[in-house]
Every structure is written in C-alpha cells, then in structure tokens.
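Its first residue numbered -19, the sequence shown is counted upward by one per residue in the working numbering. The beta carbon of each residue, even a glycine, is placed where N, CA and C say it ideally should be. Working notes, beginning with the structure itself.
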Amino acid sequence: MNHYGAMHDCRSDLNLMGTYNLALGSGTLEIASGKKLLINGSGTGGVFNHSDGQCIVPTVRVGVDSGNTGTYDLSSQGTLDTDRVDVGRYGTGSFSQTGGTCDIQYNLTIGRSSTATGTYTLGGGTCTVGGYLAIGYEDGATGTLTIGAGTLTVTGDLIVDHGLVSSGTAALDIQDDAAVIEVGGDLVLGDRASFAVSDEDGAKITMTGTDSAFDIAKAVGGAAQVDGLGDLTLVFDREDDTDVKCLEVAGKDDDFGAIGTGSFNTANFVLDVLRVGKDSVSATYGPVRLELVDACDNQGDEEAEALFVNTLDIDDGGCFENDSLALYYLNGGAPKRFWRGDATLDGMVNYLDLGILASNYGKGTDGDGRGAGQDPPFPQDYDDDGDVDVDDLVIYLGILAGD
C-alpha cells in the first residue's frame, strides 16, 4: 500500500501485515485518538516505510504477536508524532531510524515481554522521549538500542534492563562519537545490562536533569558486561537549581597505597572521563552538586567500593557533596584521590587551592550572583549560597586541617 500527499485520516486501528510506504511530502497520516498503528505479520512480517510527511498516532506497536515480526523504517524527512512506542511487544520488532524525527510524548519500550525481541537502531535524525526509555522491560525479553549518528534526548529515565530477573538481555551500544545523548532522569545499568562503545574515539552521555543519577547494578556476567564505561565521557551538566545528582561507585577500594595505574581497569568499572559542571556556555545556570553513593554491592562480599576515572574535570559550577567514598583519578599522571577543596586536582588540599579561592573571593556578592545571572557558581562556594566569602574560607580551612 502506498500513500503520497494530502491528508489521510484513519478512525480505527491500522493493522499492517504487509508493506506500507508513506511519503506524504507536506501531507499527514493521522490515526484517531485511542487507536494504534500495529506493524505485525508472519513470514517477512509487516513493514512501514516512512520517508516523508507526518504520521500522528497515539500508540505504535512493532512486532505485536508472538511469532510475528514488524519493521518501522523512518528516514529522510519523515516525522512520527506519538504517545508511546513498543518495539517488540510479544513478537520481533525492529525500528530503524536513519533520518527524520521521532517524537514520543511518553515512553519507548524496546523488548517488552518474555517472548519479545526488540531492536531500535538510531543512525541519524532525532529521537525525543518525553517519559522513560526501557530496554528489556519484562523478564525474558531481549532488547537492543544501537546508536550511531543522530540525537537521542530522554526526559525521563534511560533504563538498560528494566525487569530481567532470571533471563533475557538488554543492550546499549554506542557506535559513533558524534552521537548526541542526553538523559534528564536516571541512567540505569541493571544486572543483565550490557553496555558497549565501539567507536575508538569514545562516546559521551550528558545528564541534564535536576536530580539525575547514574546507577550501576552488579553485573551478572561481571564488569566486562559494561566495559563501554572505559570509553565513555559522562557529563553532569548545569541546571538552574541546587538539587543533588548521584553517581554509583562500583570499583574495589583497596588501601590507597595499593592503588596503581593497573587498578584503572574493567574489573573496577573504570570510567574514561567524568565531567562535573557546565558543558556548554549559558548566560544563567545553577550549580551541579554531585554525591557519590554506594547503593549496590558491585564487588561482592560487601567489599569497600570506590569510583575510578581516567580523567576528572570539574568545570564552573561543579562541586562534590562528599568525599567519604573514594574517587580515584589519573589525569595523565599517577593515581590520586579526590578531596573536597582540591581545586587544582593535584590530589591534596594545600596553599595552591587557597590561591584559587582567593582569586574568586567576593564573586557573586552584592546581588550579582547566579540569581541575577551574572556569575557562575564556583567550586569554592562550599556552602552553596551563591557567593565566595568568609564562610567558605572557614570551611576550606576546616578541610585543610582535616576536620
């Protein structure tokens, strides 16, 4: 079936068991409220080729029934405007996007039920998810999200392994360092999650939410299951508030004297780059306050755990809420442990850090602080009141004294 140009209004579910080509130009295919686009067939399955025009539909399900298959191919100038998308509901579903716009108001699920296999490949264009994105929704499901070029924006949580209790797989594979990935909620790697980065130049994920968290559960197959962390730049970006963001520590925390460059390995869930603070220029932005947490026993036997990163960047507005859990980093040299107050990131709090505090002393005062959009917050604003003043000097001296 082919649809070209004009307006096409569908008042019932559109159940595709063969091939449907949608190239409407400036036209629109609209499916009535409460109805669904079902791409589902035996043999070669149902295929929806969408290269132009706009498709407006409340719900899209690709690969609906067990044993059946469905394919949605979004390319060129096509626009999908929908509330929800299931890729692999009970059957096998594939969503391939090489261009165009996929705008999902609520949730995207890839691999929903125990009989489902779902694959979403983003090779170009933009995909925006207003709610959560879940890969491997129920126990036994198989779900894969592969990202090449293109932009993925998730307002809610991005969950790799939503509900895989005893079986199933959930995979996130980033294949191009040009991919733009932003997560407004939590980024969760569950027990059966796999995470890979196949571009030699790495990949970047930016956490943009007011209270985003990065959670790592104990990997059933070991840390090698998520070895893409070693090629990942994880950015906690600025926001106009003071909510705290959280980052799970997952590596084994030996005594610092036993920490060497060899400790920065896959078994310790090493992260390539951690950047805290602004990642882009903005006239107004609030602080990025990051707290290290140990919510999951990733090493087993209740071993003390720490965060290992190859490169630590603390940009304008970035600060840590605690240093009770260890953060070890290299920054091109020998291993160092991060301490609050260490503005130079040389692994110790000393007079050099006092010099940086002094250079920022008084900034943000007299009503020209971040509330007025004039100055960024500073790492030396330890009490987070919008300015660097005597109160912060007292806190710094306490850190220096080891209080």
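Where does residue i sit, in a helix, a strand or coil, going by DSSP?
| i | result |
| --- | --- |
| residue 239 | coil |
| residue 77 | strand |
| residue 205 | helix |
| residue 305 | coil |
| residue 31 | strand |
| residue 354 | Confidence at residue 354 is low in this model, with a pLDDT of 41, below 50, so its placement is unreliable and no value can be given for it. |
| residue -5 | strand |
| residue 310 | coil |
| residue 88 | strand |
| residue 385 | Outside the modelled stretch of the chain, which goes from -19 to 383, sits residue 385, for which no answer is possible. |
| residue 52 | strand |
| residue 348 | Caution applies to residue 348, whose pLDDT of 40 falls short of 50 and renders its modelled position unreliable; the model cannot decide the point. |
| residue 371 | helix |
| residue 384 | No information on residue 384 is available, as it lies outside the stretch -19 to 383 that the chain covers here. |
| residue 246 | helix |
| residue 70 | coil |
| residue 377 | helix |
| residue 325 | coil |
| residue 121 | coil |
| residue 385 | No information on residue 385 is available, as it lies outside the stretch -19 to 383 that the chain covers here. |
Determine the closest residue to residue i out of the options, with distance taken between C-alpha atoms.
| i | options | result |
| --- | --- | --- |
| residue 13 | 38, 123, 21 | 38 |
| residue 224 | 272, 94, 241 | 272 |
| residue 327 | 41, 203, 309, 36 | 309 |
| residue -4 | 27, 2, 8 | 27 |
| residue 322 | 1, 336, 134 | 336 |
| residue 112 | 303, 167, 294, 147 | 167 |
| residue 290 | 243, 118, 92 | 243 |
| residue 384 | 318, 9, 231, 246 | Residue 384 lies beyond the residue range present for the chain, which begins at -19 and ends at 383; the question has no answer from this structure. |
| residue 94 | 149, 155, 212 | 149 |
| residue 207 | 25, 60, 154, 240 | 154 |
| residue 230 | 212, 249, 239 | 249 |
| residue 316 | 302, 132, 239, 253 | 239 |
Residue i to residue j, Cα distance in whole Å?
| i | j | result |
| --- | --- | --- |
| residue -9 | residue 108 | 26 Å |
| residue 179 | residue 233 | 29 Å |
| residue 64 | residue 280 | 38 Å |
| residue 136 | residue 215 | 16 Å |
| residue 171 | residue 114 | 14 Å |
| residue 325 | residue 138 | 31 Å |
| residue 352 | residue 306 | Unreliable placement is indicated for residue 352, whose pLDDT of 38 sits below 50; no coordinate value is reported for it. |
| residue 314 | residue 210 | 18 Å |
| residue 164 | residue 330 | 36 Å |
| residue 341 | residue 192 | 30 Å |
| residue 86 | residue 371 | 45 Å |
| residue 199 | residue 187 | 22 Å |
| residue 158 | residue 377 | 43 Å |
| residue 374 | residue 282 | 36 Å |
| residue 141 | residue 116 | 5 Å |
| residue 1 | residue 367 | 59 Å |
| residue 7 | residue 31 | 12 Å |
| residue 41 | residue 3 | 20 Å |
| residue 257 | residue 162 | 15 Å |
| residue 56 | residue 127 | 17 Å |
| residue 23 | residue 70 | 16 Å |
| residue 181 | residue 320 | 31 Å |
| residue 20 | residue 45 | 7 Å |
Subject >> Touching by the beta-carbon criterion (3+ pairs, under 8 Å), the segment 62 to 79 and the segment 40 to 49 >> reply: yes
**OP:** Would you check if the segment 121 to 129 and the segment 88 to 101 touch, i.e. whether three or more CB-CB distances between them fall below 8 Å?
**Re:** yes
Subject >> contact_flag[the segment 77 to 89, the segment 103 to 117] where n(CB pairs < 8 Å) is 3 or more >> reply: yes
**OP:** Pair every Cβ in the segment 197 to 209 with every Cβ in the segment 234 to 243, then say whether three or more of these pairs are closer than 8 Å.
**Re:** no
Original post:
Where in the segment 140 to 227 do unbroken runs of the beta strand (DSSP E), each at least 3 residues long, occur, reported from the N-terminal end onward?
Top reply: 149 to 154, 160 to 163, 167 to 169, 173 to 177, 183 to 187, 193 to 196, 212 to 216
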